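Worksheet: the structure to be examined is printed underneath.
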Amino acid sequence: MTDLKERPTPALAAAPAPARIRSRGHSLLKHTGLGLLTLIMLYPVLWMVVSSLRPNNVIFRSPGLVLDGLETQNYGEGWNALASPFGHYLLNSAIVVLGCIIGNLVSCSMAAYAFARLDFTGKKLWFAVMLGTIMLPIHVLIVPQYIAFSNLGWINTFLPLIVPKLLATDAFFVFLMVQFIRGLPTELDEAARIDGAGHPRIFAQVILPLMLPALATTTIFTFIWTWNDFFSQLIYLTDPDMYTVPVALRSFVDATVSTSWGSMFAMSVVSLLPIFLAFLLGQRYLVKGIATTGIK
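Numbering (UniProt numbering), first residue to last: 1 to 296.
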């Protein structure tokens, strides 16, 4: 007696089709909704870009994104509208950002290695104190910090913005790196210790090269937060020649005269370009760094 293989009937073969249609419909609906939400979130930025290419008397008359013509003169006027060319303020911001990045990378990585690999008295207590500083708002700290920096004669310099970063004051990055280092196998440390390496050599030659995702995440976040920081830079920088980009943009708004909105929007677009490029180039490391440190 021959075995007959069961073959699906046409009705059974056609059965999954409605399910596939529903799945495609749900996927299309989901992507359409996400696209609309993305457009709503990006609308203020797109409107700012479009407004930077409009005359001042048209900017607030049209909420749309359609241009009747290109007014590129806003960029030329905005670049030279303040006491110094806008490139001077971009350079000031770059100096502050570079100092903060170097400070966070060096100090936070060393503090993280100490918490993750060393044993010392009160380690858990100091780690809890370090985490507790995350909950302190900057408005609570700004007054005693201002008094201390004023007594040191650091007001109207970049030192109050850079020096604290050299002391591992950003607990978020310390915690992020601690979580990353704890995920590295301790056998690497033991093998290096057998070869005669001490803690400085283990940190510099074993741990630090493996921390690239966490270091890249710290670099990107430090860049974005420092570049956009307005409050601290407004407090400590009083000389217009020392202004950074956020403070310089605020100088475009003057209550005594008419504000050149087109020029301000144009320079706002220019100030967003470094952030966009930093996120675009470092997105892979940013996602990897967060994914490998948040689930330990």
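Cβ atoms here follow ideal geometry from the backbone N, Cα and C, with glycine treated the same way.
Computed from a predicted structure; not experimentally measured.
| Item | Value |
| --- | --- |
| May I have the straight-line CA-CA distance separating residue 212 from residue 202, to the nearest angstrom? | 15 Å |
| Just how far apart, CA to CA, sit residue 53 and residue 272? | 16 Å |
| So, helix, strand or coil for residue 197, using DSSP? | coil |
| Would residue 177 and residue 108 qualify as a contact pair, given that the criterion is a beta-carbon distance under 8 Å? | yes |
| May I have the straight-line CA-CA distance separating residue 112 from residue 18, to the nearest angstrom? | 55 Å |
| With H, G and I counted as helix, E and B as strand and the rest as coil, what does DSSP make of residue 239? | coil |
| Which residues in the same chain as residue 106 place their Cβ atom closer than 8 Å to its Cβ, once the five residues preceding and following it in sequence are excluded? | 166 |
| Could you give the residue range of the alpha helix (DSSP H) that holds residue 179? | 171-182 |
| Grouping DSSP H, G and I as helix and E and B as strand, with all else coil, what is residue 61? | coil |
| Between the Cα of residue 268 and those of 75, 61, 279 and 169, spot the shortest distance and give me the residue it belongs to. | 75 |
| Is it a yes or a no for the segment 232-248 touching the segment 22-30, going by three-plus beta-carbon pairs under 8 Å? | no |
| So residue 93 is in the alpha helix (DSSP H); what residue range does that whole segment cover? | 86-117 |
| Measure the C-alpha to C-alpha separation of residue 57 and residue 261 and round it to an integer number of angstroms. | 9 Å |
| What's the call for residue 298, buried or exposed, on a 16-neighbour Cβ count within 10 Å? | Given that the chain is displayed from residue 1 to residue 296, the structure contains no residue 298 and the question cannot be resolved. |
| Which term fits residue 63, buried or exposed, when burial requires 16 or more other beta carbons within 10 angstroms of its beta carbon? | exposed |
| Looking at C-alpha atoms only, which residue of 159, 285 and 251 is the closest neighbour of residue 80? | 251 |
| Sorted by chain position, which residues of the same chain lie with C-beta nearer than 6 Å to residue 163's C-beta, five sequence neighbours on each side aside? | none |
| What did DSSP end up calling residue 157 once you bin it into helix, strand or coil? | coil |
| By DSSP, does residue 18 sit in helix, in strand, or in coil? | helix |
| So which of 65, 92 and 127 has the shortest CA-CA distance to residue 39? | 65 |
| Output the distance between the C-alpha atoms of residue 197 and residue 281, rounded to the nearest integer angstrom. | 35 Å |
| Taking contact to mean at least 3 C-beta pairs separated by less than 8 Å, is the segment 172-190 in contact with the segment 138-153? | no |
| By the three-class DSSP mapping on this structure, what secondary structure does residue 54 have? | coil |
| To the nearest angstrom, how far is it from the Cα of residue 270 to the Cα of residue 43? | 18 Å |
| Just how far apart, CA to CA, sit residue 35 and residue 61? | 27 Å |
| For residue 66, which three-state DSSP category applies? | coil |
| Could you say which of 71, 134 and 175 lies nearest to residue 49 if we only look at CA atoms? | 71 |
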